[in-house]
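First up is the structure itself, then whatever we jot down about it.
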Amino acid sequence: MTRISLNAKLFAGLVMITFLAAGCGSDPKPSTPEPKTPAIEEPDEDLVEIPATYYQLPSPNELLNFIKDGGLEFNSEMMSKNENINDIVGRKYQSLAFGRFTAQLAYASSFERFNESLETFSTIKRLADELDISYVFNEMLVDRIQNNIQNADSLELISNTSYFNTITSLEEKDKGDLLALMAAGGWLESMYIVTQSVEYSEGSEAVMRIADQKLTFENLKYYLEQYTDSKDVAEVSQDLNALGGIFEAMGADSETATAITKTEGNNMVLGGSSIVITAEQYNNLKNEIARLHNSITGNV
Amino acid sequence: MKLLIKSGIALLLLGSLATQTANSQHCIGFHEKRCALEEPFEYDAQSKSALFSPGHSSELSMVAYRGKDYRISFCLDKNLGEQVEFQVLDSKSREVLYDNRDDDMSQEFKFTANSTQRIILKVTVPGEKEEQTKGSRKVSLSKMWCLGVLVERMNTPKLGF
């Protein structure tokens, strides 16, 4: 939306310049009679900037779901203290924290932790107010909360809907830089929770799923790069570089090329090599995630 | 607690008004309104709506997780026609893994992910082809309409006992 507004402003600026230039008239032709009804040029149509590629990220719920599926228990130490959010100052850290609490909401809701979920939702709402984006929680979300608050599935619904609404609303308002910071904060928090919850075990489902996040990390980095005009986003992207090196060092279990094949039953199957992570790489990943968690999100 | 929830809801309701006004001007969220969900699949956050014009191509990079079944479908403004051309590309080699022109222009694509992969969904609205550019480009808003890509997923059903 800002781009459109910007274009409108640019257009207005151009009109103003044209008008002034016409007024100054570097090459006036007084002998030429002025037309009675001067032709008015139609304004150029609004232009919108279309990216060549959109980089998408799974939601924190999608990223964290496997923890519960893997039989792990809820760890309350993963939840931040609500009262500490006053210590989070500035749009960069507030945006990162917004993403961070969104991931914590996804974590608490996936374990159906009612109190923790509502407290975290309240924290997210406070952060939204601080960031002047309280509009991200729209009527649809409120209706869903009202209608589902007593249902067993409502917490996850609130978490998911809150996440989707935030994305939609901020994209709508062309606040991609804020969204990029939130995505980084959410991704980092999700990774912090899973790496703190899972002990390395070669070939285990949970460890493999963590290694798979190399691919979501790639999309996150591309996504951030689209907004590095923002100093805050550029700094966060830079901070994540060491993590990129750790992911890059991971190998594959085979040289099988990615392919889609059709089975006898006409089902399409996407296959290819899987990412492999060693114990040392896992520890490096875990330590770097913890370092980033403590530094980027202010350890609140 | 109930008071807290009610207060929160009241605040949220107030906040919703601004969003509704802005939403009417754009196609963000178009897929949520226009694309049809298919049970037992669940909505995936990697879904996306964007502006397209006839002949225009755009790419969406997404991650498909091992052990999940996915359904990709489309919905588009009537000014864009009724069908899209759709390819799945390998994110690294850009090799074409699937092309719906070889599949009777199927407007939905279901697959099982046997390993986690980053893939590119390349969507083209039929029409006079535009010059392809690597980066972003500026296009007249009046010649563009909304197209939604709906990504859905579910756990791959286990066969047998």
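Going line by line, the protein sequences match chains A and B. Residue numbers for the first sequence follow our numbering, so the first one is 1 and each next one is one higher. Residue numbers for the second sequence follow our numbering, so the first one is 1001 and each next one is one higher. No residue lacks a Cβ here, since even glycine has one placed at the ideal position from N, Cα and C. Since the structure is predicted, the reported quantities are computational estimates derived from the model, not experimental observations.
- At a C-beta separation below 7 Å, F164(A) has these neighbours in chain B: A1045.
- In this structure, S80(A) is the residue among L96(A), S80(A) and G90(A) with its C-alpha nearest to the C-alpha of Q104(A).
- Per DSSP, I67(A) has no beta bridge partner at all.
- According to the DSSP assignment, F114(A) belongs to the alpha helix (DSSP H) that extends over F114 to E130.
- By the CB criterion at 7 Å, G265(A) and N1114(B) fall outside the cutoff.
- Cα atoms of M208(A) and S1049(B): separation of roughly 31 Å, rounded to the nearest angstrom.
- Per DSSP, reduced to three states, the secondary structure at F1111(B) is strand.
- A distance of 7 Å or more separates the beta carbons of Y192(A) and S59(A).
- Under the three-state reduction of DSSP output, D253(A) falls in the coil class, being neither helix nor strand.
- Between K214(A) and F247(A), the C-beta gap is smaller than 7 Å, which places the two residues in contact.
- Listed along chain A are Q56 and N219, each with a C-beta nearer than 8 Å to that of M1062(B).
- Proximity to H1031(B) across H1056(B), K1078(B) and C1146(B) peaks at C1146(B), based on C-alpha coordinates.
- According to the DSSP assignment, M182(A) belongs to no beta strand (DSSP E) but to the alpha helix (DSSP H) extending over G176 to S197.
- DSSP links R1118(B) through a beta bridge to V1063(B).
- In the same chain as I67(A), and ignoring 5 residues on each side of it, the C-beta atoms closer than 8 Å to its own belong to Y107, S110, I193, V194, S197, V198 and A206, in chain order.
- When DSSP states are grouped into helix, strand and coil, Y282(A) belongs to the helix group.
- Taking a Cβ-Cβ threshold of 8 Å, the residues of chain B close to D212(A) are V1063, Y1065, R1066 and T1116, in chain order.
- Relative to I1072(B), the option among G1127(B), L1159(B), K1122(B) and F1161(B) whose CA is nearest is K1122(B).
- F74(A) has no beta-bridge partner at all, per DSSP.
- Assigned with DSSP and collapsed to three states, K173(A) falls in coil, not helix or strand.
- Under DSSP, Q1087(B) shares a beta bridge with D1099(B) and K1122(B).
- Residues of chain B whose Cβ lies closer than 9 Å to the Cβ of A180(A) do not exist, since the nearest Cβ in that chain is about 15 Å away.
- In this structure, DSSP gives V207(A) a helical state, which the three-state scheme calls helix.
- Looking at the DSSP output, F111(A) shares a beta bridge with no other residue.
- Residues of the stretch 1082 to 1096 of chain B whose Cβ lies closer than 9 Å to any Cβ of chain A, in chain order: V1088, D1090, S1091, K1092, S1093 and E1095.
- Excluding sequence positions up to five before and after R1101(B), its CB lies within less than 8 Å of the CB of E1085, all in the same chain and listed in chain order.
- Taking a Cβ-Cβ cut-off of 8 Å, F1030(B) has no neighbours in chain A, whose nearest Cβ is about 10 Å from it.
- For V233(A), the secondary structure class from DSSP, reduced to helix, strand or coil, is helix.
- Residue environment: G1148(B) is assigned as buried (16 or more neighbouring CB atoms within 10 Å of its CB, all protein chains considered).
- Neighbours of I260(A) in chain B, taken as residues whose beta carbon is under 8 Å from its own, are V1088, L1097, Y1098 and F1111 in chain order.
- In this structure, the beta-carbon distance from T168(A) to G1029(B) falls below 7 Å.
- Chain-ordered, the chain B residues with CB closer than 8 Å to the CB of T53(A) read S1058, E1059, L1060, S1061 and I1120.
- Taking 7 Å as the cut-off, the beta carbon of D1077(B) is found no closer than this to the beta carbon of E1152(B).
- The three-state reading of DSSP puts F1052(B) in strand, counting E and B together.
- Separation of Q1117(B) and S1053(B) (C-alpha to C-alpha, rounded to the nearest whole angstrom) is 29 Å.
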